[in-house]
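Asker:
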Amino acid sequence: MAETPQSLSISNTANGHVPMTPPHQSAPFPATTASASASPPPPPPPQSVANAPGNSETREDEDLASVIASVHRRVYSFLSESHPPDSLLAAVQRQTRTSLDIVKDALARYRLSELSLSYNGGKDCLVLLIIFLAGLHEHYSSRDPGPQKAGGNRLLPISSIPAIYALPPDPFPDVEEFVQSSSRMYHLSVTKYTTNPPCATIRSCFESYLSLNPGIRAIFVGTRRTDPHGEKLTHFDQTDHGWPDFMRIHPVIDWHYAEIWAFIRHLRFEYCRLYDQGYTSLGGKTDTHPNPRLRFDDRNANQQGFDANGQHYRPAYELTEDVEERLGRN
Numbered sequence: 001m002a003e004t005p006q007s008l009s010i011s012n013t014a015n016g017h018v019p020m021t022p023p024h025q026s027a028p029f030p031a032t033t034a035s036a037s038a039s040p041p042p043p044p045p046p047q048s049v050a051n052a053p054g055n056s057e058t059r060e061d062e063d064l065a066s067v068i069a070s071v072h073r074r075v076y077s078f079l080s081e082s083h084p085p086d087s088l089l090a091a092v093q094r095q096t097r098t099s100l101d102i103v104k105d106a107l108a109r110y111r112l113s114e115l116s117l118s119y120n121g122g123k124d125c126l127v128l129l130i131i132f133l134a135g136l137h138e139h140y141s142s143r144d145p146g147p148q149k150a151g152g153n154r155l156l157p158i159s160s161i162p163a164i165y166a167l168p169p170d171p172f173p174d175v176e177e178f179v180q181s182s183s184r185m186y187h188l189s190v191t192k193y194t195t196n197p198p199c200a201t202i203r204s205c206f207e208s209y210l211s212l213n214p215g216i217r218a219i220f221v222g223t224r225r226t227d228p229h230g231e232k233l234t235h236f237d238q239t240d241h242g243w244p245d246f247m248r249i250h251p252v253i254d255w256h257y258a259e260i261w262a263f264i265r266h267l268r269f270e271y272c273r274l275y276d277q278g279y280t281s282l283g284g285k286t287d288t289h290p291n292p293r294l295r296f297d298d299r300n301a302n303q304q305g306f307d308a309n310g311q312h313y314r315p316a317y318e319l320t321e322d323v324e325e326r327l328g329r330n
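Counting from 1, one number per residue, gives the positions in the sequence shown under UniProt numbering.
#1: State buried or exposed for C199, treating a residue as buried only when at least 16 other CB atoms are found within 10 Å of its CB.
#2: Compare the C-alpha of R248 against each of H139, K285, R217 and C125 and name the closest.
#3: By the three-class DSSP mapping on this structure, what secondary structure does L89 have?
#4: Which runs of the alpha helix (DSSP H) fall wholly inside the region 112-147 and span at least 4 residues, in chain order?
#5: Work out the CA separation of K192 and D170 for me, nearest whole Å.
#6: Quick check on D63: does DSSP put it in helix, strand or coil?
#7: Just the Cα atoms here: how many angstroms apart are Q277 and M185?
#8: Could you tell me which uninterrupted alpha helix (DSSP H) segments, each at least 4 residues in length, are contained entirely in the region 187-216, listed from first to last along the chain?
#9: Going by DSSP in three states, F263 sits in which element: helix, strand or coil?
#10: Flag R293 as yes when its Cβ comes closer than 7 Å to any non-hydrogen atom of the ligand FMN, and as no otherwise.
#11: With DSSP collapsed to three states, give me the class of D297.
#12: Alpha carbon to alpha carbon, how far is R225 from D287? Give it in angstroms, no decimals.
#13: In the DSSP assignment, what are the bridge partners of P162?
#14: Express the C-alpha separation of W261 and T320 in angstroms, rounding to a whole number.
#15: Residue range of the beta strand (DSSP E) that A218 falls in?
#16: What would DSSP say about I238, mapped onto helix, strand or coil?
#17: Just the C-alpha distance for I130 and F206, rounded to the nearest angstrom, thanks.
#18: Taking the alpha carbon of G283 as the point to measure from, which residue in R97, R111, Y119 and S99 has its own alpha carbon closest?
#19: Evaluate A316 with the Cβ neighbour count: other Cβ atoms within 10 Å of its Cβ, from every protein chain shown; 16 or more gives buried, anything less gives exposed.
#20: Take H297 and list the residues in its own chain whose beta-carbon comes closer than 8 Å to its own, dropping the five residues that flank it on each side.
#21: Once the 5 residues before and after G121 are set aside, which same chain residues still bring their CB inside 7 Å of it?
#22: For the candidate residues Y76, V221 and A69, whose alpha-carbon lies nearest to that of P162?
#23: By the DSSP assignment, the beta strand (DSSP E) with R248 in it spans what residues?
#24: Measure from the alpha carbon of P228 to the alpha carbon of each residue in I219, N213, H235 and I253, then state which is nearest.
#25: Between the C-alpha atoms of Q238 and I219, what's the straight-line distance to the nearest angstrom?
#26: Cα-Cα, which of A106, A166, L126 and Y165 is closest to H139?
#27: Could you check the C-alpha separation between H289 and I264 for me, to the nearest Å?
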């Protein structure tokens with residue numbers, strides 16, 4: 001019988017985690033072949049945006065309603081900006097509006113208590129989380145005002161957002177640190193599972209998570225079209241036969257790699273520091289390496305990442321091609 005998984009919330013950020021019992025054999029989400037879709041517009045010149053706490057408008061001491069209002073303000077301020085129609089940022093604005101519509105649709109289909117997030121601290125999950133928070137503000141602002149606190153913020157039916165984190169058996173400490181810090185900042189109540197196939201798989205993690213949270217009917221997932229098994233996914237997909245039954249919601253399924261980074265950096269959201277060291281897709285330590293496309297030889301360059309062998313790498317956001325994103329993965 002499986003042990004109780006480690007819960008990681010805004011008040012509990014321990015590093016502990018519990019392995020799962022062996023599940024039945026099953027393939028991951030739909031077994032399809034990943035391929036790149038149409039290329040996004042060319043990126044603008046690199047922006048000088050440091051990945052430092054001082055660049056974030058969201059504070060860890062804010063309550064969930066305040067965080068939601070702050071994120072909503074930043075996202076909709078971006079949507080009000082004027083950019084050339086064929087520019088990267090205009091494409092990001094279009095993607096953001098589409099994703100917000102998906103969140104709106106999900107909130108119309110399900111009660112908030114029936115929703116959860118799959119969150120691992122990666123760039124795609126971060127964009128998913130930000131758009132979900134922005135959509136929450138829009139949803140509750142359009143409903144009956146209800147009670148308010150003394151400061152004017154609306155009282156939400158929850159004080160934290162449930163999330164599942166299925167981590168590899170050999171996680172990067174930097175990823176773990178970012179998951180903890182971002183969980184505190186955005187009020188995620190994260191339940192952690194360690195995968196270790198074949199004894200513990202993604203499927204068995206979700207089985208355990210839903211057995212502990214039977215009221216959850218749908219989970220937001222940060223899969224994109226060019227990810228493994230992402231080619232044929234839609235915005236709403238019920239799980240396949242043999243999987244625990246829930247709806248998978250994919251608000252960022254059609255985002256391109258360059259669009260993900262343009263959103264994060266233009267809106268100045270903090271991200272995992274490994275991306276500044278040339279990592280473009282994050283997994284475990286044994287199967288994840290800096291992207292070889294970002295390697296360079298200038299030993300005198302500053303502010304770029306370098307590995308244990310002294311090789312230097314440009315940051316992840318300088319990569320532009322979707323098909324090169326996973327070149328650092330085994």
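Note that the Cβ used here is the ideal one computed from N, Cα and C, for glycine as well.
Since the structure is predicted, the reported quantities are computational estimates derived from the model, not experimental observations.
Answerer: Inspection of the coordinates gives the following:
#1: Sequence index remark: in the sequence shown, residue 199 carries index 199 (1-based). Under this definition C199 is an exposed residue.
#2: Here residue 248 refers to the residue found at position 248 of the sequence shown. Nearest C-alpha to R248: R217.
#3: For the purposes of this step, residue 89 is identified with residue 89 of the sequence shown, where counting begins at 1. In this structure, L89 counts as helix in the three-state DSSP scheme.
#4: 123-141
#5: Position 170 of the sequence shown, counted from the first residue, corresponds to residue 170. Position 192 of the sequence shown, counted from the first residue, corresponds to residue 192. Straight-line Cα distance between these residues: approximately 14 Å.
#6: As a first step, residue 63 must be located in the sequence shown, where it is residue number 63. Coil, per DSSP.
#7: Residue 277 sits at position 277 when you count from the first residue of the sequence shown. Residue 185 sits at position 185 when you count from the first residue of the sequence shown. If you take the alpha carbons of Q277 and M185, they lie about 23 Å apart.
#8: 202-212
#9: In the sequence shown, counting from the first residue as 1, residue 263 sits at position 263. Here DSSP, grouped into helix, strand and coil, assigns F263 to helix.
#10: The ligand FMN is absent from the structure shown, which contains no ligand whatsoever.
#11: Counting from one through the sequence shown, the residue named residue 297 turns up at place 297. The answer is coil: DSSP assigns D297 none of H, G, I, E or B.
#12: On the sequence shown, residue 287 is found 287 positions in, with the first residue counted as 1. On the sequence shown, residue 225 is found 225 positions in, with the first residue counted as 1. Near 21 Å, if we compare the C-alpha coordinates of R225 and D287.
#13: The residue you call residue 162 lines up with position 162 of the sequence shown. Beta bridge pairing from DSSP links P162 with S189.
#14: If you number the sequence shown from 1, residue 320 lands on position 320. If you number the sequence shown from 1, residue 261 lands on position 261. So the two alpha carbons sit approximately 9 Å from each other.
#15: Taking the first residue of the sequence shown as 1, we reach residue 218 at position 218. Unbroken beta strand (DSSP E) run through A218: A218 to F220.
#16: Indexing the sequence shown from 1 puts residue 238 at position 238. Per the sequence shown, the amino acid found at residue 238 is Gln instead of Ile. Looking at Q238 - three-state DSSP - the assignment turns out to be strand.
#17: Start at 1 with the first residue of the sequence shown, and residue 130 comes out as number 130. Start at 1 with the first residue of the sequence shown, and residue 206 comes out as number 206. Each residue's Cα considered, the two are about 23 Å apart.
#18: Your numbering for residue 283 matches position 283 in the sequence shown. When only C-alpha atoms are compared, the closest one is Y119.
#19: Position 316 of the sequence shown, counted from the start, is the residue given in the question as residue 316. Buried: at least 16 other Cβ atoms inside 10 Å.
#20: Here residue 297 corresponds to residue number 297 of the sequence shown, with the count starting at 1. At residue 297 the sequence reads Asp, which differs from the His that was named. Answer for D297: H312, listed in chain order.
#21: Position 121 of the sequence shown, counted from the start, is the residue given in the question as residue 121. Once the five neighbours on either side are set aside, the close Cβ partners of G121 are V175, F178, V179, S182 and C272.
#22: Here the question's residue 162 lines up with position 162 in the sequence shown. P162 has its Cα closest to that of V221, out of Y76, V221 and A69.
#23: Against the sequence shown, residue 248 aligns to sequence position 248. That run of the beta strand (DSSP E) goes M247 to I249.
#24: Position 228 of the sequence shown, counted from the first residue, corresponds to residue 228. Nearest of I219, N213, H235 and I253 to P228, Cα basis: I253.
#25: Working through the sequence shown from its first residue, we reach residue 238 at position 238. Working through the sequence shown from its first residue, we reach residue 219 at position 219. So the two alpha carbons sit approximately 10 Å from each other.
#26: Residue numbering aside, residue 139 sits at position 139 when the sequence shown is read from its first letter. With distances taken between Cα atoms, H139 lies closest to A106.
#27: Here residue 289 corresponds to residue number 289 of the sequence shown, with the count starting at 1. Here residue 264 corresponds to residue number 264 of the sequence shown, with the count starting at 1. Each residue's Cα considered, the two are about 22 Å apart.
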